[in-house]
Amino acid sequence: MTLSELFQTLKTLSKADLNSVKQFLESIDYNYNGFEDFLLSKKAENGISCPHCSSFNIKKNGHKGLMQRFMCHDCHKTFSARNNTITFSSKKSFATWKKYLECMMNGFTVRRSAEICGINKDTAFIWRHKVLDALQNMQNSVELNGVVEADETFFALSFKGNHKKSTSFVMPREAHKRGNDVHTRGLSHEQVCVPCAVTQDGLSISKQSNLGRASTKNLSEVFSGRIASNSVLCADAHHSYQKFAKENKLELIQLKTGKSKKGIFHVQHINSYHSILKTWIIRFHGVATKYLDNYLVWHNFVNWAKDPYEKKSEILSAFVFCTNKTVKSKELSVRSPLPCVA
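Numbering (the UniProt record's numbering), first residue to last: 1 to 342.
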């Protein structure tokens, strides 16, 4: 049937049938092929594998709508390019997801991102943590080498969120209705310790480890296997770094309290990192401790990595859309309120 014949046929339809045709046309996601083409082109660079058994022994298996399906010869399961990714089962278009990643690159709030993308603010919040959970896979592959500066920073414990609707969460202390977030002076178990390490070329590692001051064990849980042997570690004078450096074959340069430089070695980059991080967190008006690691990796990518904005946007899209990571919405609300002691 030619296009002209199709138009003639449409003229003969009743009003009810025309409304049905209109609804059908509106239901088609014209951006879906864009999503599909993007995922297939990126995954093809390393070879498309089965998300169920990781086998590369696959074949095409027809289409479902506009979506190419595949079948694995080994486990005999079928899948598409979106299986085991954060966009799996999402009904939103590729254009909407791309626009949302631009909001993430600019550090926009949930409400502003929702307004720009035309989505619900709850959806915007869920997407934020789907993206950041996927970005954790990139953070986990980072290895620092050369001159590495390390230090800890601290955040007040936060149980931010709507607890009235929760069926599993019980507030472990009285709510802070006013005044300071921390009621004990100095370092205490009311503060979350975040060991951080950075290099001059824009690589960084940061993750919450414990409550109060970090021990050698806490440092090892964050940094072991993440700093190349024979690197130079610049840190403060705390004894926990001495044992850590020895165990990991690192040359240790320790600076006394109040000193930020020792010869050619210094901790000015890590001090700058902490300053930018604190300013970054303030814009969100408090971050729940259970989500803190996600905001750390967000900061590392957007604020500390040295690549130009356009390059980082390209890297973010390619990695987040293609990396193997599935996050269900209901899983977010039941995460441990204290991951560092879970």
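For glycine and all other residues, C-beta sits at the position ideal for the given N, C-alpha and C.
| query | result |
| --- | --- |
| Please state whether the Cβ-Cβ distance between residue 379 and tyrosine 295 is less than 8 Å. | What the structure shows of the chain is the stretch from 1 to 342, and residue 379 is not part of that stretch, so it cannot be assessed. |
| What are the start and end residues of the beta strand (DSSP E) that includes lysine 259? | Where lysine 259 is concerned, there is no enclosing beta strand (DSSP E), given that its DSSP letter is neither H nor E. |
| Does glutamine 242 come out as helix, strand or coil in the three-state DSSP assignment? | helix |
| Taking the straight line between their C-alpha atoms, what separation do you get for asparagine 31 and isoleucine 119? | For asparagine 31, the pLDDT reaches just 48, beneath the cut-off of 50, and the residue's location in the model is therefore unreliable, leaving the point undetermined. |
| Does arginine 69 get closer than 8 Å to chain B when you measure Cβ to Cβ? | No chain B is present in this structure, which holds just one protein chain. |
| Whole-angstrom Cβ separation of serine 240 and serine 224, contact assumed at under 8 Å? | About 13 Å separates the two Cβ atoms, so there is no contact after all. |
| Is DSSP giving methionine 104 helix, strand or coil here? | helix |
| Mark histidine 274 as exposed unless 16 or more other C-beta atoms lie within 10 angstroms of its C-beta, in which case mark it buried. | buried |
| Quick one: what's got a C-beta closer than 6 Å to phenylalanine 265's C-beta in the same chain, skipping five residues either side? | Cys234 and Ile253 |
| For aspartate 133, does the count of other Cβ atoms within 10 angstroms reach 16, so buried, or fall short, so exposed? | buried |
| So, at 6 Å on beta carbons, what are the nonlocal neighbours of leucine 292 in its own chain, with the 5 sequence-adjacent residues on each side left out? | Gln208 |
| Nearest CA to the CA of glutamine 136: which residue from Trp298, Lys262 and Val302? | Trp298 |
| What would DSSP say about leucine 203, mapped onto helix, strand or coil? | coil |
| How many whole angstroms separate the CB atoms of valine 232 and valine 147, which I take to be in contact at a CB cut-off of 8 Å? | 5 Å |
| Taking its Cβ as the centre, do 16 or more other Cβ atoms sit within 10 Å of valine 192, making it buried, or is it exposed? | buried |
| In whole angstroms, what is the alpha-carbon distance linking glutamine 139 and serine 54? | 22 Å |
| Once DSSP output is grouped into helix, strand and coil, what is the label at asparagine 31? | With a pLDDT of 48 at asparagine 31, under the threshold of 50, the modelled position of that residue is not reliable, and no figure is offered here. |
| Does the separation of the CB atoms of asparagine 300 and isoleucine 276 fall below 8 Å? | no |
| Exposed or buried, what is proline 172 when buried is set at 16 or more other beta-carbons lying within 10 Å of its beta-carbon? | exposed |
| For isoleucine 315, which beta-bridge partners are listed by DSSP? | DSSP lists no partner for isoleucine 315. |
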